[in-house]
Amino acid sequence: MQKDLSVTVAGVDFPNPVIAASGTYGFGQDYTDLYPLNRLGGISCKGTTLLPKDGNPSPRIAETPEGMLNSVGLQNPGIDVFISDYLPTAKKQGNVIIANIAGATLDDYKNAVEKLDGTDVDMIELNISCPNVKQGGASWGITCDGAASVTKAVRSVTHKPLMVKLTPNVTNIADIAKAVEAEGADCISLINTLLGMRIDIKTRRPILKNNVGGFSGPAVFPVALRMVWQVANAVNIDVVGMGGISTAEDAVEMMMAGAKAIQMGTAIFTDPYSPLKVIDGLEKYMIDNNLDSLDEIVGTVRPW
């Protein structure tokens, strides 16, 4: 018996809760030969800035046990090209499309989001948490004042549903979540990557040319789960969980911690079909547990 996996996040309806995470799925065009993209719940597009950005020099990817480091540095074609070339193609796939926006200044964020407000993008994900850029990025997301200021600035120029993506590289994630909620965020996504490093013991140099990079993959899942649980219990808006999710069981855990939907990223690099396997696994979980809606498991963890 087929189950209804649909979820609603910040007023936006998703056919299922599995979203391809920003930076790991491009704009979707690389996967169209593998399966219909509308099998996914949605796509969070590659982080986009006001102007085109080349990103960081190579090497900028390194493997780690149960994960990876990246310092790509938000390489992207800029907001105008996203709107003219990539967004129309992505929308034709029948997906919920989330635009992920980053910037170095408040005006960068405002101007980019203002351009999106008149488009048919479904949601905006405000990236205030990228650890791989020299200006802006995570610096906005590591303090309550910084996170709140970007959220307030962007909220003033768009009516689109606004999701704010938080960095885990902070002392109190719940306080920052409450700060962006107070300034108009409609939902929160977390976690972005942890800050990590590897060293080549032959050359005694960091493996990444940027020295440090974002650490992601299954190894970070317990940290992400803990932070999602903390944030979900601190705010009254929807939460989207991510960080190391690779199986349906991971997704169920994340939803029990309080996430209305989940994003998958690093797992897609090792298995591009992994989101579909998670979707199928969630349906099986619903059948096995006689669930009519995934909302029945959201936030149901019972702490000791």
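The numbering of the sequence shown is my numbering, which starts it at 378 and goes up by one.
Cβ coordinates follow ideal geometry from the N, Cα and C atoms, glycine included.
Keep in mind that this is a model prediction, so the values were computed, not measured.
Have a look at the DSSP bridge pairing and note the partners of Asn453.
Lys430
Compute the Euclidean distance between the alpha carbons of Ala467 and Ala562, then round it to the nearest angstrom.
25 Å
To which residues of the same chain is Ala596 closer than 8 Å at the C-beta, ignoring the five residues directly before and after it?
Thr441, Pro442, Glu443, Gly444, Gly621
Once you ignore the five residues that flank Ser623 on each side, which residues in its own chain have a CB closer than 7 Å to its CB?
Pro595, Ala644, Ser651
Spell out a yes or no on whether the stretch 544-552 and the stretch 469-489 are touching, meaning 3 or more CB-CB pairs, one atom from each, closer than 8 Å.
no
Is it right to say Ile664 is buried, meaning 16 or more other beta carbons lie within 10 angstroms of its own, or is it exposed?
exposed
Are the Cβ atoms of Gly405 and Ile420 separated by less than 8 Å?
yes
Taking all protein chains shown into account, do 16 or more other C-beta atoms lie within 10 angstroms of the C-beta of Thr535, making it buried, or fewer, making it exposed?
buried
When we look at the beta-carbon of Asp462 and count the other beta-carbons within 10 Å, is it buried (16 or more) or exposed?
exposed
Relative to the alpha-carbon of Leu411, which residue among Asp648, Thr677, Ile438, Asp615 has its alpha-carbon at the smallest distance?
Asp648
Since Asn433 contacts Lys586 with CB under 8 Å, what's their CB separation in whole angstroms?
6 Å
Based on the DSSP output, what are the partners of Ser593 in its beta bridges?
Met445
Could you tell me how far apart the beta carbons of Asn689 and Gly424 are, in whole angstroms, since I believe they sit closer than 8 Å?
A query on residue 689 cannot be resolved here, the shown segment of the chain reaching from 378 to 681 and no further.
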